[in-house]
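If you read the sequence shown in numbering that gives the first Met the number 0, its first letter stands for residue 0, the second for the next number, and so on.
Glycine included, C-beta positions come from ideal geometry on N, C-alpha and C.
Notes for the one structure printed next.
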Amino acid sequence: MGSTSSKPALKPMARVDIKKMLGAWYVIGFCPLWLEKDAYNAREIYTAGKKPGLIDVSYTFTPGGFDTPVKSLPQRGVQWYDDKPDSWKIQLLGPITMPYIMIKASDPMALDNEDAWFVVGWRSRAYCWVMARKPTMDDALLEEIKTSLVNDHQYPSDLPNFKKVPHNWQLVDGNLERVITSSSPTS
């Protein structure tokens, strides 16, 4: 009972236009890994790797507040092909790869749209990441996505470990940049 083997496998998107996925994505909310649990201003930037099927991912955030030093966790996507999202893997630390399962998206073929978003799930349902092109998302849409995680993907009821990521960005010369403040919220 409660075993992950009793849950069906997460079903990845059938096809994703990876070229349109490149660029900046903001982590709107997540059931986080231990190393990112207190993340503020969490953002990933996806760039094409040097060989087909490779994607470089620059994940940055400030731990515990807006004014703390930026922490960087470089990652690499391997086996990333438009028509095979079920084989995508992500390399976090060293040579170990883990499945990268995109389970929901605004439109997997139009991820270059400024209102685009997607969700990455985890087999055990212990982790998930809601990503968007902008650092903010309408609360109703986020609640709809969370409801889908529970109802459609068998995540725990009420997502007890889900956290909304605080963001504080400003537009500078056409680019979003982190805002450094004299004090950061503690919750």
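Under the DSSP assignment, Lys-19 falls in the alpha helix (DSSP H) whose first and last residues are 17-20. Per DSSP, the continuous alpha helix (DSSP H) segment holding Val-149 begins and ends at 138-152. The alpha-carbon of Gly-28 is positioned some 24 Å away from that of Trp-79. Counting every other CB atom within 10 Å of its CB across the protein chains shown gives Asn-150 a total below 16, marking it as exposed. Excluding sequence positions up to five before and after Pro-11, its CB lies within less than 7 Å of the CB of Pro-84, Asp-85, Ile-100, Met-101 and Ile-102, all in the same chain and listed in chain order. In the three-state DSSP reduction, Glu-113 falls in the coil class, being neither helix nor strand. In this structure the segment 15-31 lies against the segment 150-167, because at least three pairs of beta carbons, one per stretch, are closer than 8 Å. A direct Cα-to-Cα measurement between Gly-64 and Tyr-39 gives close to 6 Å.
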